[in-house]
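Here my numbering runs 70 ahead of the position in the sequence shown, where the first position is 1.
Ideal Cβ placement from N, Cα and C applies to all residues, glycine included.
Just so it is clear, the structure is predicted and the values come from calculations on it, not from any experiment.
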Amino acid sequence: MKIKGQPVWVLFSIITVVCLCLLLTGFLIALKDSSGASSSSSVEKSATPEKGTTGNKTLFLALGDSLTRGTGDSSGQGYVSRVRQTLQKNETSVNVVNLGIKGQTSHQLRAQIKQRRIGQLLKEAKRISITIGGNDLFRKGDSLETLDNQQAIQARQAYESNLRRILSTIRKQNRDAPIFLLGLYNPFGALSDNKKTSAEVIKWNDSLQTIAQEFDQIVVVPIYDIFQLNPKAYLYSDDFHPNDKGYDYIAERLLQAMDQKKKGG
């Protein structure tokens with residue numbers, strides 16, 4: 071049989087060749103797409119930093135309780151965001167991580183910093199701030215008027231043990247970063263009988279200072295005096311946490327300490 075003078079087998083041969091060409095072209099396109107997708111995926115994976123890394127930025131890591139969290143500040147910034155804003159004006163490559171937890175005690179902070187993710191952040195940090203002890207001392211907002219001497223001693227001893235372990239754990243992860251340890255204040259200074267609470271806070275601050283001296287690169291930032299003379303002016307409506315002005319002063323103190331440390335003071 072012939073079609074327009076050509077044998078049938080010639081027509082079949084042409085069709086077969088065309089089909090093979092189409093199949094080969096499709097295979098090459100699919101292979102290219104597969105290779106491209108794999109390459110793109112590898113680039114995306116390598117370009118995404120691992121959890122905990124901060125790139126080329128210097129890390130300021132804030133740890134602690136509701137003061138670090140910013141409780142009582144109408145804007146929710148607290149001292150950490152105030153410090154961050156100032157640092158970023160002078161150092162464009164600053165990254166801040168706030169790990170403060172409202173109501174956190176020294177025992178809970180001990181457990182928190184043992185987490186793998188936080189351990190990575192501790193290793194990378196260039197500055198570390200800590201507020202801890204207020205919830206141990208005041209039992210989440212309670213006055214010390216009902217606390218007997220033995221209970222007060224036991225609470226302080228537990229705090230001292232926890233604080234040592236906290237600082238020791240941090241130093242195992244990071245030997246060089248300065249740690250700015252904020253002191254405690256007395257939120258009940260406006261009460262008629264504030265001598266007992268003030269005396270106890272001073273004892274705790276003495277313990278804090280003594281323990282800080284056992285480690286290198288730890289700067290104690292005192293804030294007791296800010297609230298002592300006129301606590302109502304610097305406390306939130308709950309009469310326990312700092313208000314906006316209180317956080318302004320805390321941030322100012324911390325920035326002064328950071329500046330002095332940077333200059334080698």
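Here DSSP, grouped into helix, strand and coil, assigns ALA247 to coil.
With contacts defined by Cβ atoms closer than 8 Å, LYS184 and THR239 form a contacting pair. Distance from the CA of PRO292 to the CA of ARG323, rounded to the nearest whole angstrom, comes to 8 Å. Listed in chain order, the non-local C-beta contacts of GLY148 below 6 Å within the same chain comprise GLY140, TYR317, local neighbours out to five positions each way being set aside. Taking C-beta atoms as the reference points, VAL150 and LEU325 fail to come closer than 8 Å. The straight-line gap separating the alpha-carbon atoms of GLY259 and GLN330 is approximately 30 Å. Counting of Cβ neighbours within 10 angstroms places GLY253 among the buried residues, the total reaching 16 or more.
Excluding five sequence positions before and after ARG226, the CB atoms of its chain that fall closer than 7 Å to its own CB belong to LYS273, TRP274, SER277, given in chain order. At a cut-off of 4 residues, the continuous stretches assigned as alpha helix (DSSP H) that sit fully inside the stretch 275-327 are 294-298, 301-304. Around the Cβ of GLY170, a 10 Å sphere holds 16 or more other Cβ atoms; the residue is buried.
In terms of CA proximity to ALA195, LEU129 leads the group SER163, ASP143, LEU129, LEU305. Classified as buried, GLY204 has 16 or more neighbouring CB atoms from the shown chains inside 10 Å of its CB. Here the C-alpha atom of ARG241 lies approximately 11 Å from the C-alpha atom of ILE198. One alpha carbon belongs to GLN283, the other to PHE250, and they sit about 12 Å apart. DSSP places PHE208 in the helix class (H, G or I) of the three-state scheme. Counting along the chain, GLY134 sits inside the beta strand (DSSP E) bounded by residues 128-134.
For ASN165, the enclosing beta strand (DSSP E) covers residues 164-168. Take GLN174, set aside five residues on each side of it, and the residues of its chain with a beta-carbon closer than 8 Å to its own are GLY134, ASP135, SER136, GLN182, ILE202, ASN205, in chain order. A distance below 8 Å separates the beta carbons of LEU305 and PRO257. DSSP, read as helix, strand or coil, puts SER238 in helix.
Selection LYS333, LEU131, TYR229, PRO312 evaluated against SER145 yields PRO312 as nearest (Cα-Cα).
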